[in-house]
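Peer 1:
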Amino acid sequence: MEKIKYEGAESTNPFAFRYYNPEEVVLGKTMKEQLRFSVAYWHTFTNDGSDPFGKGVNQRDWLTDDPMEMAKNRVEASFEFFEKLGVEYFCFHDMDVAPYGESLEEFFANLDMITDLIQEKMDQTGIKLLWNTADRHSNPIYVHGAASSSNADVYAVSAAQVKKGIDISKKLGGKNFVFWGGREGYENLINTNMKLEEENIARLYHMAIDYSNKIGHEELVFLLEPKPKEPMKHQYDFDAATSMSFLQKYDLTDRFKLNLEANHATLAGHSFEHEMNVARNYNALGSLDANQGDMLLGWDTDEFPTDVYSVTLAMVEFLENGGIEPGGINFDAKVRRTSFEMQDLFLAHIAGMDTYARGLKAAAKIKETRFLDELKEKRYASYETGIGSDIISGKADLETLTSYALEHNDVKNESSHIEYIKSKLNDYLV
Ligand code: XLS
Ligand code: NI
Ligand code: NI
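The sequence shown begins at -12 in our numbering and counts up by one.
Laid out in structure tokens, this is it:
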């Protein structure tokens, strides 16, 4: 595989970008600076393509029987992949990069060895860590959860993994650390003390903040990643709004923001842009897990994003947020089982990157022409003057509003003409 280059929309080379042109300037920044793409280690280098009905199918030339050897092969393969793809960031769970072995101690030693190798590669290539996280869901000890476990010994192991994760983040110069709920939630409320479990999770997050400060890693942004279900029937960090009220309740908003995933939004019955809008309103849009779900399926299919319409609306929120640094756009996405060749890893990432590039450009045009801004200004114009501005400024109360209403009860509403607006929106996409 050669290095993937931008060749323009007319290119028929499948191993070329047709829209993602890293050096092209969009709204004052290059696409590369705006989008900050990241590869997810788990889906790209550890996933074997198996599903509940069949064994792994993925052809990968780093597979061997010796787990440590394989972990090293993966580091080699991954940095070759990042460089050839032209992606500057990557993300991983502790379990993705190093084998657990026989004990927690052995796991930590394996992690030290592998992260030394990763550090070397980072130094050689300039590729950076977007975020890392502790996988506190795949080990069988987490059967009742991790920080929400009914077993305090399990809580301790989970805390040790978080500590190690923060140490690794410091070692590799990570700017963000993700907490995705995993098994933090419940199957049965009848045997669950939800209040205690949520308080314990909050306690762990405070310990994480304290420890990051203690080791001089106080720049680290913690990111909570909402998801409504899967693996648990009910996940505690259901969606952006639920997660923000959790963070506020437990006084965690100073150091925590959200990592929002497109497919998690749709599982929660929201759109990706809805979740981003909620996060923005709390000044808590931290990073994005880019993928898409299948509206006909009810689980986290983690498909590569190819839906330009949805990505454009997400990019509108992204630009409203002034970009996403120090977060990024991480492809938390896996190739379909039928795309089992090595080269599919390139094709899938190219598809996702081109889709985001098109979404970014469409959203930039929407922003430059003030299409949605004007629409909203006009729609809410009644709050600019008169009684509306009294409501906004706090001058109005129930009595003044009542006397106003009695005099103005001949209310006139305006049509939204939403069909015409949606048709105009299509002009930005096609
Ligand atoms: C699972 C999550 C997970 C997080 C990282 O659904 O998306 O992959 O991003 O733990
Ligand atoms: Ni994710
Ligand atoms: Ni997910």
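Don't be surprised by glycine CBs; every beta carbon is placed ideally from N, CA and C.
Rounding to the nearest angstrom, what Cα-Cα distance links M340 and K399 in this structure?
Peer 2: Roughly 46 Å separates the two Cα atoms.
Peer 1: Return yes when the Cβ of I408 is within less than 8 Å of the Cβ of Y469, no when it is not.
Peer 2: This structure cannot speak to residue 469, because the chain is shown only from -12 to 417.
Peer 1: Under a Cβ-count criterion, where at least 16 other Cβ atoms within 10 Å of its own Cβ denotes burial, should D287 be classed as buried or exposed?
Peer 2: By the 10 Å Cβ count, D287 comes out buried.
Peer 1: For S274, which of helix, strand or coil comes out of DSSP?
Peer 2: Of the three classes helix, strand and coil, the one that applies to S274 here is strand, per DSSP.
Peer 1: For E262, which residues of its own chain have a beta-carbon under 6 Å away from its beta-carbon, when the five flanking residues on both sides are left out?
Peer 2: Closer than 6 Å at Cβ, skipping near neighbours: A227, L247, A252.
Peer 1: So, for N0: in the same chain, excluding its five sequence neighbours on each side, which residues have a beta-carbon less than 8 Å away from its beta-carbon?
Peer 2: Closer than 8 Å at Cβ, skipping near neighbours: E(-6).
Peer 1: Below 7 Å, is the gap between the Cβ of D122 and the nearest heavy atom of ligand 2?
Peer 2: Every heavy atom of ligand 2 is 7 Å or more from the Cβ of D122, so no.
Peer 1: Cα separation between Y223 and E(-11)?
Peer 2: Going from the Cα of Y223 to the Cα of E(-11) covers about 44 Å.
Peer 1: Could you tell me which of F327, L359, D289 sits nearest to V303, measuring between CA atoms?
Peer 2: For the residues F327, L359, D289, the minimum Cα distance to V303 belongs to L359.
Peer 1: Is the segment 179 to 190 touching the segment 104 to 124, taking contact as three or more C-beta pairs under 8 Å?
Peer 2: No, the segment 179 to 190 is not in contact with the segment 104 to 124.
Peer 1: Quick check on the contact list: which residues have their beta carbon closer than 5 Å to a heavy atom of ligand 2?
Peer 2: Residues with a Cβ closer than 5 Å to any heavy atom of ligand 2, in chain order: E248, D276, D319.
Peer 1: Write down every uninterrupted run of the alpha helix (DSSP H) in the segment 303 to 388 whose length is 4 residues or greater and which is fully enclosed by it, in chain order.
Peer 2: Complete alpha helix (DSSP H) runs here, min 4: 330 to 355, 358 to 366, 373 to 380.
Peer 1: Excluding the 5 residues preceding and the 5 following A344 in the sequence, name in chain order all residues of the same chain whose CB lies nearer than 8 Å to its CB.
Peer 2: Cβ neighbours of A344 beyond the five flanking positions: F4, Y6, Y7, N8, M18, L22.
Peer 1: Would the beta-carbon of N250 be found less than 7 Å away from any heavy atom of ligand 3?
Peer 2: Flag set: Cβ of N250 near ligand 3.
Peer 1: Alpha carbon to alpha carbon, how far is Y370 from A351?
Peer 2: Roughly 27 Å separates the two Cα atoms.
Peer 1: Does the beta-carbon of W167, which I'm using as the reference point, lie nearer than 7 Å to any heavy atom of ligand 1?
Peer 2: Answer for W167: yes, Cβ within range of ligand 1.
Peer 1: In three-state terms, what does DSSP make of Y76?
Peer 2: Note: Y76 maps to strand in three-state DSSP.
Peer 1: By Cβ distance, which residues of its chain are closer than 7 Å to K150, with the 5 residues on each side in sequence left out?
Peer 2: Cβ within range, chain order: Y198.
Peer 1: Three-state secondary structure (DSSP) at H221?
Peer 2: Looking at H221 - three-state DSSP - the assignment turns out to be strand.
Peer 1: Taking 8 Å as the CB-CB cut-off, is K(-8) touching chain D?
Peer 2: In the structure shown, chain D does not exist; there is a single protein chain.
Peer 1: With DSSP as the reference, label Y173 as helix, strand or coil.
Peer 2: Strand at Y173.
Peer 1: For D319 versus N278, is the C-beta spacing smaller than 8 Å?
Peer 2: Their beta carbons are under 8 Å apart, which means D319 touches N278 by this criterion.
Peer 1: Spatial neighbours of T419 within its chain, please: C-beta separation below 6 Å, excluding the five flanking residues on both sides.
Peer 2: In this structure the chain extends from -12 to 417, so residue 419 is not present and cannot be described.
Peer 1: Name the residue from F291, V208, E171, N308 whose alpha carbon lies nearest to the alpha carbon of S250.
Peer 2: Sequence check: residue 250 is Asn here, not Ser. Closest option to N250, Cα to Cα, is F291.
Peer 1: Give a yes or no on whether the C-beta atoms belonging to V13 and L385 are separated by under 8 Å.
Peer 2: No, these two residues do not count as a Cβ contact at 8 Å.
Peer 1: Does the beta-carbon of D287, which I'm using as the reference point, lie nearer than 7 Å to any heavy atom of ligand 1?
Peer 2: Because some heavy atom of ligand 1 lies under 7 Å away, the Cβ of D287 counts as near it: yes.
Peer 1: Would you check if the distance between the CB atom of L210 and the CB atom of K244 is smaller than 8 Å?
Peer 2: Yes, the pair counts as a contact, with Cβ atoms nearer than the cut-off.
Peer 1: DSSP puts N119 in a beta bridge; with which residues?
Peer 2: Note: N119 sits in a beta bridge opposite F79, F164.
Peer 1: Between the alpha carbons of K(-8) and I405, how many angstroms are there, rounded?
Peer 2: Their backbone Cα atoms lie some 40 Å apart in a straight line.
Peer 1: Could you give the first and the last residue of the continuous alpha helix (DSSP H) run that contains L234?
Peer 2: 227 to 236 is the span of the alpha helix (DSSP H), which, as asked, contains L234.
Peer 1: Measuring alpha carbon to alpha carbon, tell me which residue in K214, I202, S136 is nearest F166.
Peer 2: Ranking K214, I202, S136 by Cα distance to F166 puts K214 first.
Peer 1: Which first and last residues belong to the beta strand (DSSP E) in which F94 is found?
Peer 2: Note, F94: premise wrong, no beta strand (DSSP E); alpha helix (DSSP H) at 91 to 112.
Peer 1: Would a C-beta distance cut-off of 8 Å place S135 and N175 closer than the cut-off?
Peer 2: Contact: no.
Peer 1: Based on Cα-Cα distance, which residue from F94, V26, D140, H80 lies nearest to F68?
Peer 2: Here the closest residue by C-alpha is V26.
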